[in-house]
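Peer 1:
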Amino acid sequence: MRLYGITGWKNSGKTTLMERLVDDITARGYSVSTIKHAHHSFDVDHPGKDSFRHRMAGARQVLLASRNRWALMHELRGEPEPALDELLHRLSPVDLVLIEGYKRDRHPKIEAHRNATGQPLIAPDDDTIRAVASDSTPKDLAVPVLDLNDTRAIAAFILREVGLHKEEGGAS
């Protein structure tokens, strides 16, 4: 499965970039799935809903289904967090999986960087970062610097990197 990551510090624009990339790449005719890493507890369910009540009662997995979508929630209940590779095997096949976060994993990535965060670049010390998408022009980098707001150019860079790029886009 082809995969590519977007990484960066908090408030660097990762989620906004991911959203724009999914929109751009799917508009070119490719199928895309995403994985987002959260460093904290999160909930996709709401108190009082039946599925929430099932989970709170102790269910290990709750599958919610309708004619529009289905979702599977899996409670770890003290088990270790699954590795990215294990999660990737749970996805249905697509042309490209975009991964937000997982900055320590070894897949290729673009670093989202906003100068206003005051955070240092990750790229100089991480050989998995193949480019930096920034709102400024960092100096002395061994990787290309792309305009953080030029979604089309960033998408084209990723598609070339994973071998999906055609001159004017479109699925193969």
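Numbering that gives the first Met the number 0 numbers the first residue of the sequence shown as 0 and each following residue consecutively. Cβ atoms here follow ideal geometry from the backbone N, Cα and C, with glycine treated the same way.
Which one or two residues does DSSP pair with A132 in a beta bridge?
Peer 2: Working through the sequence shown from its first residue, we reach residue 132 at position 133. A132 pairs with A111, L145.
Peer 1: Where DSSP assigns a beta bridge to I34, which residues make up the other side?
Peer 2: Indexing the sequence shown from 1 puts residue 34 at position 35. Its beta-bridge partners are I98.
Peer 1: Give every residue of the same chain whose Cβ lies closer than 6 Å to the Cβ of A154, excluding the five residues on either side of it in the sequence, and list them in chain order.
Peer 2: As a working mapping, residue 154 is identified with position 155 in the sequence shown. For A154, where only same-chain residues beyond five positions count, the Cβ hits under 6 Å are L20, D23, I24.
Peer 1: So the beta strand (DSSP E) L20 belongs to, where does it begin and stop?
Peer 2: Within the sequence shown, numbered from 1, the residue matching residue 20 stands at position 21. Run containing L20: none in the beta strand (DSSP E); it sits in the alpha helix (DSSP H), 13-26.
Peer 1: For L63, report the span of its alpha helix (DSSP H) as first-last.
Peer 2: Working through the sequence shown from its first residue, we reach residue 63 at position 64. Careful: L63 lies outside any alpha helix (DSSP H), inside the beta strand (DSSP E) at 60-64.
Peer 1: Between L16 and the rest of its own chain, which residues show a CB-CB distance below 6 Å, the 5 nearest in sequence each way excluded?
Peer 2: The residue labelled residue 16 in the question sits at position 17 within the sequence shown. The residues are I5, A111.
Peer 1: Considering only C-alpha positions, which residue in the set S32, K165, V161 is nearest to S91?
Peer 2: Within the sequence shown, numbered from 1, the residue matching residue 91 stands at position 92. When only C-alpha atoms are compared, the closest one is S32.
Peer 1: Examine the ligand COA and report whether any of its heavy atoms sits within less than 7 Å of the Cβ of N10.
Peer 2: With respect to the ligand COA, the structure offers nothing, as it holds no ligand at all.
Peer 1: Taking C-alpha atoms, which residue in R105, I128, I34, V61 lies nearest to L95?
Peer 2: Translated into the one-based positions of the sequence shown, residue 95 becomes position 96. Comparing Cα-Cα distances from L95 to each of R105, I128, I34, V61, the minimum goes to I34.
Peer 1: Over what stretch of residues does the alpha helix (DSSP H) that includes T6 continue unbroken?
Peer 2: For the purposes of this step, residue 6 is identified with residue 7 of the sequence shown, where counting begins at 1. Not the alpha helix (DSSP H): T6 falls in the beta strand (DSSP E), residues 2-6.
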